[in-house]
Structure formats: C-alpha cells, structure tokens
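For the record, in the sequence shown the residue sitting at position 292 is 292 according to full-length UniProt numbering, with numbers rising by one throughout.
In this text, a Cβ means the ideal position worked out from N, Cα and C, and glycines have one as well.
Encoded as structure tokens, the structure appears first; notes follow it.
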Amino acid sequence: MDHRSTAAREHDEHTNDLLRAAARAQGPERQRLLDEVVLDNLGLADAISRRYAGRGVELDELNQVACLGLVAAARRFDPARGSDFVSFAVPTILGEVKRYFRDHLWSLRPPRRIQEMHSAMTVATEELSQARGATPTAADLAHELGTELDDVWEAERAAECFSTISIDQRQHDAHEEGPALHEALGMPEAGYDAAEATVVLAAACRALPARDARILYLRFFRGWTQQEIGNDIGVTQMQVSRLLLRILRRLRQEIGSIDSEPGTGPRLSSQRHGYPPDHVRDGTAATGAERRRSRAAAR
C-alpha cells in the first residue's frame, strides 16, 4: 500500500474526527478544535493560492484569502452530511480566491467610485486646460473636484484599464522591431488543472463504498465495458449502467460546481492522471477466484 495514500487517508480521518468533535462542543472548546482543523490543512490553502499566483495579485495576499476560505469551510462544514472535509473545503477556498479576483483586480474592473472619479477628472482636465492654457496637475484636479490627492492618483493608475493593446502589436527598441506580445504569453498548464481535479476528487472517491469505487476504477481507469464490469461483480450490464449514473451523480453532488474563472478549472474526465482508492487498487490484479468471491459478495 502506498505510504503517501495511507498518510493522506489518516490525515483526512483525523480532520473529520476533529470536526465531529467540534460539532458536539461549544464555546472555547469548539473554537480550539476548529483552529486545529485550519492549522492541519494550511497546506491545502497554500496549494490553491500558488495555483493562481502570477495573475496580478501578490502570493502572500492570495494566501491570506485562501486561508480565510479555509476558515469559512471549517465553520460551515456539517459532519452530519457524511462527506469528506477536503471535498467540501476545496470548492469553498476556490470560491473565495476567485471572488477576490473579481472584486479587486482593477485592471479588469475598477470600483465604481474610481470609475466615477476618472470621468470627473476627464471633464475637469478639459475645463482647466482651456481656462489656464496648461495641463492641470494632480493637485489642481484634487482642488477642483474637492477630493483628496490620493484619490486622484488612484484614479490615474486605474485609468490604464480603459485602454487595451493588441497582442499582435510588436515591441520596438532603438535598433529593431521586437516580437509580438502574444509570442511572450505563457501557454496554459494542463498539469495544474489535473492536480486541482485530483485534489478535489481524491477525498470524494475515498468516501465511496468499496464496490462503487471498484466500478468507477474498472470503467475509467481500466477501460472495461459495462458488460465486463457486470461479469466481474455479478450483475447485468443494465444494472452497471444505473450504478455508474448513481455514483457519478453522488460525486457531482459532493464536489459541487466549480466555475472556470480566472483559471480553466478542473474537469472530471477519464484521463489516467490520478490514482484510484487503495481498496480498489489492491484488486487490480484480481485472480479468477478473487473475482468469483467478489461476485458472491455483491449478491
């Protein structure tokens, strides 16, 4: 058995034990248990914040947002639902990070107050330029509009979002024409999406009953047909079809919907980039006798 898989499962079980205890506790004891859950899962927040680094927000700032999402997940998690904390926490943290991008990344959408300030500055600049014959300074605009100088500077910086540059535009220096902007853009990293999807799916798959997990593994990792799976577990092809629909529906419900902004987001697929649960992987080389025992147990 893979040591890392064992350690991850033990970590998840410990986290869930803490949350069940917190649900029964009150006052300082409940807060102490929730704090321990957060501290034990800071690595999850760190991994998600690093996933979105380099997009216009400092990594430390992103990490703080992700940690706030982790705290919110610990407080909202309901152990009575029987789901795993990680499968609940990942979408919650992702939601906080993506909401932060939508609300704070001014290069895409400045706050309304700054947009209104920019419009007023445009009008004031035209009027003062005509009246004085010179372009007004930031201090002149602040005096004219009756606002703080910092507000004027803030609006000037945000003004960059009102213009765009074609990615086909070539850069120039004193001697020669440089490459187009699009040639310097990075390509999407599919590995990040696969890692994110694996984090989300791993806990949900570990929570599946042994037979459900084996059906999922045989279908999507081994590529067996529904008829072959039915022969293996002792049911009909039609029953396998219904079982698969039920299993996938359960996984979707536990994972929840994760939108694709600002990244591309995870996608559930049959690509073989993850590992099945240990209790399924242990049966990958099942003998004929083992398969017969499996079919007998299924009945």
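- At the C-beta level, Asp-84 and Asn-16 come within 8 Å of one another.
- Between the alpha carbons of Asp-46 and Tyr-100 lies a gap of roughly 16 Å.
- Counting along the chain, the unbroken alpha helix (DSSP H) around Glu-61 starts and ends at 59-76.
- In this structure, the alpha-carbon of Glu-144 lies about 15 Å from that of Glu-116.
- Measuring C-alpha to C-alpha distances from Thr-135 to each of Leu-245, Thr-122 and Pro-209 identifies Thr-122 as the nearest.
- Excluding sequence positions up to five before and after His-11, its CB lies within less than 8 Å of the CB of Asp-40, all in the same chain and listed in chain order.
- Fewer than three pairs of CB atoms, one per stretch, sit closer than 8 Å, so the region 48-55 makes no contact with the region 29-40.
- Residue burial is scored here from C-beta neighbours: Arg-214 has at least 16 other C-beta atoms within 10 angstroms and is therefore classed as buried.
- Boundaries of the alpha helix (DSSP H) harbouring Pro-28: 27-40, taken from the DSSP string.
- In the displayed model, Val-235 falls within coil according to three-state DSSP, outside both helix and strand.
- In the structure shown, the three-state DSSP call for Thr-6 is helix.
- Per DSSP, Tyr-217 is one residue of the alpha helix (DSSP H) stretching across 210-220.
- Of the other Cβ atoms in all chains shown, 16 or more fall within 10 Å of the Cβ of Glu-254; this residue is therefore buried.
- Inter-residue distance for Ala-131 and Asp-151 is about 23 Å (C-alpha atoms, whole angstroms).
- The DSSP-derived three-state label of Trp-224 is coil.
- By the CB criterion at 8 Å, Val-240 and Ile-247 fall outside the cutoff.
- Here the C-alpha atom of Arg-249 lies approximately 12 Å from the C-alpha atom of Cys-205.
- Secondary structure note for Asp-84: it is in no alpha helix (DSSP H), with a DSSP letter that is neither H nor E.
- Here Leu-42 has Cys-67 and Leu-70 as same chain residues with Cβ atoms under 8 Å from its own Cβ, once five neighbours each way along the sequence are excluded.
- Between Val-90 and Val-199, the CB-CB gap stays under 8 Å.
- Taking the C-beta atoms as reference points, Ala-74 is found no nearer than 8 Å to Glu-96.
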